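Engineer:
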Amino acid sequence: MDSSELNATDLILVLLLAATFLLGFVAGFLRVLLALAGWLVAFLLAAHLRAPVGGWLGGQWRELAPEYSEMIAFGFLFLILFIGSLLLIQLGYRKSVRLVNYPMVDEFLGGMLAVVVGLLVVSAVVVALDTFYELQRPVLQNEVDWIGQLDDLLSDSAVANRLRESLVPVLGDLLAP
2 MDSSELNATD LILVLLLAAT FLLGFVAGFL RVLLALAGWL VAFLLAAHLR APVGGWLGGQ
62 WRELAPEYSE MIAFGFLFLI LFIGSLLLIQ LGYRKSVRLV NYPMVDEFLG GMLAVVVGLL
122 VVSAVVVALD TFYELQRPVL QNEVDWIGQL DDLLSDSAVA NRLRESLVPV LGDLLAP
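Residue numbering for the sequence shown follows my numbering, starting at 2 and increasing by one per position.
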């Protein structure tokens, strides 16, 4: 991937990943490790609850396709559960425990692991969108505009496509029965 392939969405994603590094650097390795566990729980729960919650949403929004309701359920469940886990970590984690004797190493490892968590969050959004849009690109009369626009932006993104080719299949294996 050279710089000529990058677009504005890629720049935003790279800046978000740089911000996650800074947040992880400040938080430290252990807190970011807990965030990784929160990501895993949020991703797995959202994936397994998308059908029942999507069915319920489909009953409320009859004008939406059932698959579209499941995609919305997956995405919002993931975001709510992940943000909730981050809030619980922030509220419950009081003691500043360092896993190593050198604070800079702990901070650097926290930053690097936070970038991994950031990549996983972007991948989870791609997975959620792909549960509907990858199968088909239907013309929906009742589509939520910004969700379709987000999928378009990520479809044109070299960074998101690289994740789609490398990390997303691994996440699919994680969900396989």
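The beta-carbon is built from N, C-alpha and C at its ideal position, and this holds for glycine as well. Since the model is a prediction, treat every value here as computed from it, not as a measurement.
Would you call the segment 128 to 135 in contact with the segment 66 to 81, where contact means no fewer than 3 C-beta pairs closer than 8 angstroms?
Structural biologist: Yes, the segment 128 to 135 touches the segment 66 to 81.
Engineer: Inspect the beta-carbon positions of Val33 and Gly149 and report whether they are closer than 8 angstroms.
Structural biologist: On the sequence shown, position 32 is the one that residue 33 refers to. On the sequence shown, position 148 is the one that residue 149 refers to. No, these two residues do not count as a Cβ contact at 8 angstroms.
Engineer: Leu65 by DSSP, collapsed to three states: which one?
Structural biologist: Position 64 of the sequence shown, counted from the first residue, corresponds to residue 65. If DSSP states are grouped into helix, strand and coil, Leu65 belongs with coil.
Engineer: So, under 8 angstroms CB-CB, Glu68 and Arg51 are touching, yes? Tell me the CB distance rounded to an integer number of Å.
Structural biologist: Start at 1 with the first residue of the sequence shown, and residue 68 comes out as number 67. Start at 1 with the first residue of the sequence shown, and residue 51 comes out as number 50. Their Cβ separation, rounded to whole angstroms, is 10 angstroms, which puts Glu68 and Arg51 out of contact at 8 angstroms.
Engineer: Between which two residues does the alpha helix (DSSP H) containing Tyr134 stretch?
Structural biologist: The sequence position of residue 134 within the sequence shown is 133, counting from 1. Counting along the chain, the alpha helix (DSSP H) containing Tyr134 begins and ends at Pro104 to Tyr134.
Engineer: Quick one: is Arg165 buried, meaning 16 or more other Cβ sit within 10 Å of its Cβ, or exposed?
Structural biologist: Your numbering for residue 165 matches position 164 in the sequence shown. Of the other Cβ atoms in all chains shown, 16 or more fall within 10 Å of the Cβ of Arg165; this residue is therefore buried.
Engineer: Could you tell me the alpha carbon to alpha carbon distance between Ala66 and Gly59, rounded to whole angstroms?
Structural biologist: Within the sequence shown, numbered from 1, the residue matching residue 66 stands at position 65. Within the sequence shown, numbered from 1, the residue matching residue 59 stands at position 58. Cα-Cα distance, rounded: 7 angstroms.
Engineer: Is the beta carbon of Leu1 sitting closer than 8 angstroms to the one on Ala48?
Structural biologist: No information on residue 1 is available, as it lies outside the stretch 2 to 178 that the chain covers here.
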